[in-house]
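Protein chains in written order, with numbering that gives the first Met the number 0: chain A, 0 to 395; chain B, 0 to 395; chain C, 0 to 395; chain D, 0 to 395.
Remarks on the structure that follows.
Protein chains: 4
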Amino acid sequence: MTSESLTPAPEHKFTFGLWTVGWQGRDPFGDATRAPLDPVESVNRLSELGAYGVTFHDDDLIPFGSTDAERDALVKRFRQALDTTGMTTPMLTTNLFTHPVFKDGAFTANDRDVRRFALRKTLRNIDLAAELGAETYVAWGGREGAESGGAKDVRLALDRMKEAFDLLGEYVTEQGYNLRFAVEPKPNEPRGDILLPTVGHALAFINSLERPDIVGVNPEVGHEQMAGLNFPHGIAQALWHGKLFHIDLNGQTGIKYDQDLRFGAGDLRSAFWLVDLLETAGYQGPRHFDFKPPRTEDYDGVWASAAGCMRNYLILKERAAAFRADPEVQAALRASRLDELALPTLGEQDTLGGRLAGLLADRSAYEDFDVEAAAERGMAFEALDQLAMDHLLGVR
Amino acid sequence: MTSESLTPAPEHKFTFGLWTVGWQGRDPFGDATRAPLDPVESVNRLSELGAYGVTFHDDDLIPFGSTDAERDALVKRFRQALDTTGMTTPMLTTNLFTHPVFKDGAFTANDRDVRRFALRKTLRNIDLAAELGAETYVAWGGREGAESGGAKDVRLALDRMKEAFDLLGEYVTEQGYNLRFAVEPKPNEPRGDILLPTVGHALAFINSLERPDIVGVNPEVGHEQMAGLNFPHGIAQALWHGKLFHIDLNGQTGIKYDQDLRFGAGDLRSAFWLVDLLETAGYQGPRHFDFKPPRTEDYDGVWASAAGCMRNYLILKERAAAFRADPEVQAALRASRLDELALPTLGEQDTLGGRLAGLLADRSAYEDFDVEAAAERGMAFEALDQLAMDHLLGVR
Amino acid sequence: MTSESLTPAPEHKFTFGLWTVGWQGRDPFGDATRAPLDPVESVNRLSELGAYGVTFHDDDLIPFGSTDAERDALVKRFRQALDTTGMTTPMLTTNLFTHPVFKDGAFTANDRDVRRFALRKTLRNIDLAAELGAETYVAWGGREGAESGGAKDVRLALDRMKEAFDLLGEYVTEQGYNLRFAVEPKPNEPRGDILLPTVGHALAFINSLERPDIVGVNPEVGHEQMAGLNFPHGIAQALWHGKLFHIDLNGQTGIKYDQDLRFGAGDLRSAFWLVDLLETAGYQGPRHFDFKPPRTEDYDGVWASAAGCMRNYLILKERAAAFRADPEVQAALRASRLDELALPTLGEQDTLGGRLAGLLADRSAYEDFDVEAAAERGMAFEALDQLAMDHLLGVR
Amino acid sequence: MTSESLTPAPEHKFTFGLWTVGWQGRDPFGDATRAPLDPVESVNRLSELGAYGVTFHDDDLIPFGSTDAERDALVKRFRQALDTTGMTTPMLTTNLFTHPVFKDGAFTANDRDVRRFALRKTLRNIDLAAELGAETYVAWGGREGAESGGAKDVRLALDRMKEAFDLLGEYVTEQGYNLRFAVEPKPNEPRGDILLPTVGHALAFINSLERPDIVGVNPEVGHEQMAGLNFPHGIAQALWHGKLFHIDLNGQTGIKYDQDLRFGAGDLRSAFWLVDLLETAGYQGPRHFDFKPPRTEDYDGVWASAAGCMRNYLILKERAAAFRADPEVQAALRASRLDELALPTLGEQDTLGGRLAGLLADRSAYEDFDVEAAAERGMAFEALDQLAMDHLLGVR
């Protein structure tokens with residue numbers, strides 16, 4: 000492994016939210032530990048570190064309540080930084096959670112006027128997204144949920160959620176924007192329970208929309224792990240549905256509050272399988288880091304943390320590639336019959352009399368199947384998994 | 000609350016799996032504590048307790064490996080018990096997890112011959128389901144999963160899963176059976192991670208099938224709670240998609256091993272909101288208990304536990320009805336603006352110039368919206384939730 | 000149940016932290032939703048609601064950085080409110096977590112000067128505690144922990160923790176204060192992992208101190224439940240060790256971020272068993288509510304939430320008393336052999352030849368023990384638990 | 000890293016339970032997938048793989064209900080295998096959970112005769128432990144717990160637990176056995192909640208015993224992780240109390256059912272910090288693997304899995320040593336002020352007027368302390384943690 004191969008470069012498509020390196024460290028029990036960070040400095044520093052772009056919520060760049068003039072000035076200055084550095088903005092999103100007006104939600108707030116305000120706030124920022132050339136618009140409904148059972152009629156709330164996404168879809172279509180939406184699921188925090196809590200729930204919801212083709216998901220490592228779910232499995236299902244429009248990479252140490260550790264921290268083995276999947280499945284989107292440098296850190300620590308995200312991705316990418324290229328691994332995969340999983344369960348012969356007829360007529364499939372002999376076959380998964388461990392740890 | 004109103008009767012549609020009262024208490028660390036239970040006795044006892052029907056896996060009634068003659072005799076004797084008692088069998092399912100041949104899965108086993116065997120085993124039991132008049136066929140893929148990252152290519156496994164459900168759908172359609180499938184999600188146990196881990200993932204998967212209309216979900220209380228998810232929220236989403244084909248009621252005390260406590264045990268407040276939802280949403284299917292009487296119990300304890308499931312449902316049903324009927328609750332719901340959640344976010348006026356034009360032109364929605372004033376409005380959820388608590392506890 | 004019996008009164012010893020009703024609703028993703036609350040108003044309102052007293056961190060009453068003159072004025076005004084209302088301050092504590100100087104801990108911060116500052120800040124507030132007649136001084140070390148493995152040498156940190164508590168113990172002893180310490184455990188949040196994460200770890204630590212007799216624990220419902228632990232079990236062990244010096248009552252819906260719901264919300268059945276335990280075990284200390292009214296609420300909701308905490312405690316107290324008084328319950332407890340659990344395992348006869356000799360000589364205990372017959376005895380726990388459910392729900 | 004350094008040898012003190020490689024794969028939902036394994040074969044195979052010894056429950060070697068003659072023959076044959084291979088038996092334990100007689104516990108069963116039987120069963124096997132030269136006797140009370148609140152009076156149960164350990168301590172003392180006890184905590188499974196659920200609770204309990212000096216803990220990786228606790232932190236506290244008498248190494252992927260994966264699988268980063276701690280703290284006891292080869296495996300997989308446990312330990316041991324030896328790491332540790340954590344908070348100067356006087360008189364500690372300046376110091380933990388990651392992954 001050469002140091003060159005571990006050097007981030009724009010072609011790796013590493014992106015960072017302005018709110019990540021710019022997080023000041025305010026948490027439920029403590030005040031900010033870091034001074035505010037100028038978005039332009041973020042662009043410059045991240046560019047120097049090898050990133051491809053930045054992403055942001057409207058309010059990250061343009062403080063809530065700014066006048067149009069202030070807004071224009073901020074956007075202009077920011078665009079100059081992008082132009083100077085060559086950094087991109089492949090994704091934008093809306094902050095529908097910080098201001099107290101969103102305390103009961105945005106698209107599904109019980110108050111109708113709050114819902115309308117939320118839609119307008121989103122539409123406004125979609126224009127900026129299009130203007131800046133973003134191709135993905137993320138929607139994290141962090142406040143869409145409840146702490147108590149009577150406070151939200153979930154079926155009605157889903158009606159309102161659908162109404163919102165149908166409207167947004169209509170807008171980008173009418174405007175001709177080259178923009179797709181990515182719903183970001185999360186099970187809880189800051190609400191006791193959040194609607195569309197997992198990748199699965201979001202994928203199901205999307206199918207009910209008027210324009211399901213332009214809506215996908217933006218899964219976040221820690222969010223799924225907060226529900227104890229296997230993140231690479233969730234990503235695989237999102238890919239299988241053709242819906243992995245964007246991804247949020249970070250780290251989490253199990254089921255607890257949302258940690259947003261740097262990528263690689265937390266469940267390292269899961270991170271290995273995730274990178275293996277993204278790289279072999281041909282995912283072309285940004286590798287977007289949505290992390291929070293711990294509030295113990297000053298800005299040196301912030302940049303070290305950001306650099307660590309990218310470094311860990313690149314290390315894991317090399318290790319996963321070596322794993323897949325190893326002939327012993329390939330033999331182990333065959334020993335575990337991964338090749339057989341690739342074969343349709345119904346074969347050519349089954350389809351002669353219709354798909355079912357062949358199977359039903361095949362006595363070797365049931366009547367004459369030696370169940371006990373089949374049951375005795377070992378799957379050889381432990382040997383395969385140890386090979387993966389060896390590659391991850393670099394001992395082969 | 001009268002004792003009559005708490006007496007289970009067939010119209011309540013309470014059903015039990017044969018494997019529930021018949022569980023012998025074998026667990027990962029201990030041997031059986033109860034002798035085997037004759038399915039006919041289960042039918043008789045459950046009928047006496049007021050149940051509407053029983054459900055079963057093929058192997059619950061007909062031991063794995065029985066001859067055709069044995070099978071016929073067992074089915075005949077079982078049908079006689081049903082006829083005598085008037086008990087129904089609204090749901091059947093397949094055991095694709097106990098025999099070691101399924102150790103790596105059934106529909107998604109890496110071994111193709113195991114997959115074919117699993118399909119045949121299922122098709123055979125579907126015939127019995129149709130014969131017995133079942134309307135729902137549940138599919139719990141408890142072994143479809145993995146303990147290590149290389150052992151399963153999830154995208155290929157989903158291909159095989161889709162292939163299986165498409166085939167089963169074709170079969171019941173061709174045969175003209177009045178039978179719908181219900182996929183039962185579970186996040187883990189007995190596999191480290193199971194495919195289609197939550198209601199959401201299952202709903203998303205169903206949309207990819209050839210016959211999505213005849214496939215729904217069979218959510219189980221404890222399974223979703225093992226992922227820390229809000230069960231009534233998941234049920235609400237399943238109802239919203241029109242996919243709540245069946246339901247498994249039991250209890251679970253948080254994120255841990257699958258406990259299968261009797262209904263009401265575990266998260267009681269969640270059970271209250273669940274019953275409230277099922278009863279107000281017009282769910283017409285069976286109230287199916289999928290629980291395990293703790294292995295500390297002898298058969299007296301088993302029947303006490305089964306009776307407790309039904310009793311707790313009926314108590315909660317009365318309490319939920321009283322909650323909804325209470326004028327003070329109705330006022331509290333309005334104070335929390337649940338009525339506003341029922342209103343479309345876009346109104347009549349918005350649609351004059353197209354749905355978007357009205358909203359975009361409405362200055363009161365954004366430019367002139369008094370965000371701070373709106374933010375100050377309390378949601379009054381705590382008062383509402385205490386009313387619910389009072390009703391649950393019977394102190395109003 | 001009469002409305003009188005559900006009316007909170009000082010003899011119930013209900014206390015509230017100033018930081019609870021005074022929480023402004025700032026969370027990791029959102030700004031404050033409520034204006035600051037004057038501590039004097041909290042005293043007045045809580046007194047009207049029937050509370051016995053209030054508790055506070057130094058900074059709750061006296062903003063960090065106040066001058067001595069400001070401090071004196073604030074304390075004086077506060078004491079007047081106490082005198083007027085008759086409210087007490089049975090517990091005080093130190094804020095060692097909000098200011099960024101504590102970002103890596105207080106008593107176990109890597110920086111020695113921070114540790115010294117933390118001790119001085121604590122000593123100063125202990126003087127105030129003694130002055131106000133508090134008998135318990137709580138120590139929640141919310142920042143004593145780490146997010147990464149190398150950042151904290153836990154054994155050294157425990158040395159520093161012990162040094163701090165030994166010093167504090169020496170101080171109150173030298174000063175002759177009638178004050179005992181109560182360590183409040185928490186597994187995580189705001190740190191990735193916090194030292195002394197559970198009641199058990201804190202109890203073990205206390206045994207290593209110079210003055211273990213004046214140090215006990217202050218368990219909080221939600222904190223133990225964030226580790227999936229059974230709260231009444233933990234309280235029972237604390238009582239067994241004679242170490243339940245104080246208690247924090249609130250609600251939590253499983254393993255996730257720290258929710259601080261009002262008491263009764265969350266795991267209601269666990270709350271029932273907790274109240275049953277506290278009331279039957281003769282716990283004499285305050286029933287202290289450490290909750291956060293959800294940020295969806297305005298101040299009407301805050302007071303409704305506070306009232307709900309007390310109301311739910313009183314409902315559960317009545318229900319638990321009725322459970323214990325019910326002859327059918329007493330019979331069920333005997334059927335479950337709770338009376339046998341109260342008998343020593345070794346009996347009179349065993350001690351004739353020394354405790355062991357009798358047991359070893361008793362052939363009925365082993366050689367002639369009919370294991371299979373004993374194994375067949377049912378424990379009758381399900382019937383007992385349903386009686387508890389019936390009492391909790393008020394249907395008996 | 001040489002292949003030699005990764006070759007297990009007796010000096011590494013790797014031990015395995017007979018029940019680990021001998022687990023037949025029976026789980027809550029499935030039958031055994033592997034034939035029984037002769038304990039002698041386990042001794043031979045593990046010896047060939049480089050292990051130092053084996054451990055066992057009485058029933059692992061001598062089936063429950065064996066006659067004395069059968070017992071003697073089995074022990075004799077087993078001892079021959081030990082003698083032939085040079086394998087040791089440093090730990091023994093009692094099976095107090097498999098037989099249905101223990102369904103409600105052993106030392107704390109409600110039934111007194113079951114408690115007496117459990118003690119006698121344990122005493123008998125302690126004799127064998129002494130005979131075989133074991134120095135540690137593990138006590139896992141897997142059935143000591145409850146599924147419902149009324150079923151167990153925890154304070155009484157702790158009385159019975161103390162009675163049992165006091166008796167066992169008396170026995171080994173009277174007999175002059177060189178044997179210490181190690182309590183193994185677990186939060187749940189197979190009981191809904193188990194008594195002494197964590198390392199902390201067990202450490203606290205031990206302090207209440209008559210002979211606390213001969214009782215320590217046997218923490219298991221997965222058990223603490225099932226409560227979401229940081230395992231190295233728990234081990235550090237056990238070491239700090241001088242109570243790490245034994246350890247169970249395995250893997251677990253978060254809060255769910257007890258997985259018993261091979262060591263290294265699951266949370267790899269935690270395993271790194273654990274090995275770092277054990278090796279630097281001078282832990283001298285066995286590195287005992289308590290894992291279950293997944294039931295997908297045949298015996299080739301079982302031995303591959305056992306070999307993987309040892310291999311992963313040795314890899315991590317080398318990586319941890321390199322981390323500690325790296326000058327850049329040492330500088331990073333200083334930058335994070337780990338050296339300051341090693342300094343007493345009170346210094347020489349403080350003790351002139353008594354420990355407190357110096358601190359109270361030190362204006363630099365409080366009055367003149369520049370809190371804001373101190374708050375601005377970054378802790379440099381992210382850089383340190385990335386160095387640890389680099390060493391773990393072998394990229395330095």
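Positions of the beta carbon are idealized from the N, C-alpha and C atoms, including for glycine.
| Query | Result |
| --- | --- |
| Chain B residues whose Cβ lies nearer than 7 Å to that of S304 of chain C | E381 |
| First and last residue of the uninterrupted beta strand (DSSP E) at R179 of chain B | R179 to E183 |
| Cutoff 6 Å; reference G311 of chain D; Cβ partners in own chain excluding five residues on either side | According to the sequence as given, residue 311 of chain D is Asn; it is not Gly. Here the set comprises F262 and G263. |
| Partner residues on chain C for R268 of chain D, Cβ-Cβ distance less than 8 Å | G148 |
| Neighbourhood of Y176 of chain B by C-beta distance below 6 Å, restricted to the same chain and skipping five residues each side | A129 |
| Helix, strand or coil at L91 of chain B according to DSSP, with G and I counted as helix | strand |
| Among D:T121, D:A306, D:V42 and D:L194, the one whose alpha carbon lies nearest that of D389 of chain A | D:A306 |
| Closer than 9 Å to chain B by CB, F116 of chain D | no |
| Boundaries (first-last residue) of the beta strand (DSSP E) holding H287 of chain D | R286 to F288 |
| Assumed close pair E146 of chain B, F380 of chain A - CB separation to whole angstroms, cut-off 8 Å | 7 Å |
| Any 3 or more C-beta pairs closer than 8 Å across the region 182 to 195 of chain C and the region 130 to 150 of chain C | yes |
| Buried or exposed (CB count within 10 angstroms, at least 16 for buried), T6 of chain A | exposed |
| Supposed close pair F55 of chain D, G24 of chain D - CB separation, criterion 8 Å | No, F55 of chain D and G24 of chain D are not in contact; Cβ-Cβ is about 19 Å, not under 8 Å. |
| Neighbour list for D82 of chain B in chain A, Cβ cutoff strictly below 9 Å | Ordered by position in chain A, no residue passes the 9 Å Cβ test against D82 of chain B, which lies about 30 Å from the chain. |
| Helix, strand or coil at H56 of chain C [DSSP, three-state] | strand |
| Bridge partners - Y136 of chain A, DSSP secondary structure assignment | A:L91 and A:F180 |
| Which of helix, strand or coil DSSP assigns to V214 of chain B | strand |
| Run of the alpha helix (DSSP H) containing G307 of chain B, from where it starts to where it stops | Y298 to A324 |
| 7 Å CB neighbourhood of N109 of chain A in its chain, flanking five on each side removed | D103 |
| C-beta neighbour in chain B for H98 of chain D, strict 9 Å | yes |
| Terminal residues of the beta strand (DSSP E) in which T14 of chain C lies | F13 to G16 |
| H390 of chain C - containing alpha helix (DSSP H), residue span | F380 to L392 |
| Inter-residue Cα distance where the pair is T252 of chain A and L243 of chain A | 24 Å |
| Neighbour list for K255 of chain C in chain B, Cβ cutoff strictly below 7 Å | G227 |
| Near-chain B residues of the region 310 to 339 of chain C - C-beta to any C-beta below 8 Å | R310, N311, I314 and R318 |
| Residue-level contact to chain C via CB, Q23 of chain B, 9 Å cutoff | no |
| Nearest-angstrom Cα separation, counted from D212 of chain A out to E143 of chain A | 23 Å |
| Start-to-end residues for the alpha helix (DSSP H) that takes in Y365 of chain C | Looking at the DSSP string, Y365 of chain C is not in any alpha helix (DSSP H), and its letter there is neither H nor E. |
| Amino acids of chain D, ordered along the chain, whose beta-carbon sits closer than 8 Å to that of A264 of chain A | R268, D384 and M388 |
| Coil, strand or helix - F262 of chain D by DSSP | strand |
| Proximal residues to R354 of chain A (C-beta, below 7 Å), its chain only, five neighbours per side dropped | L345 |
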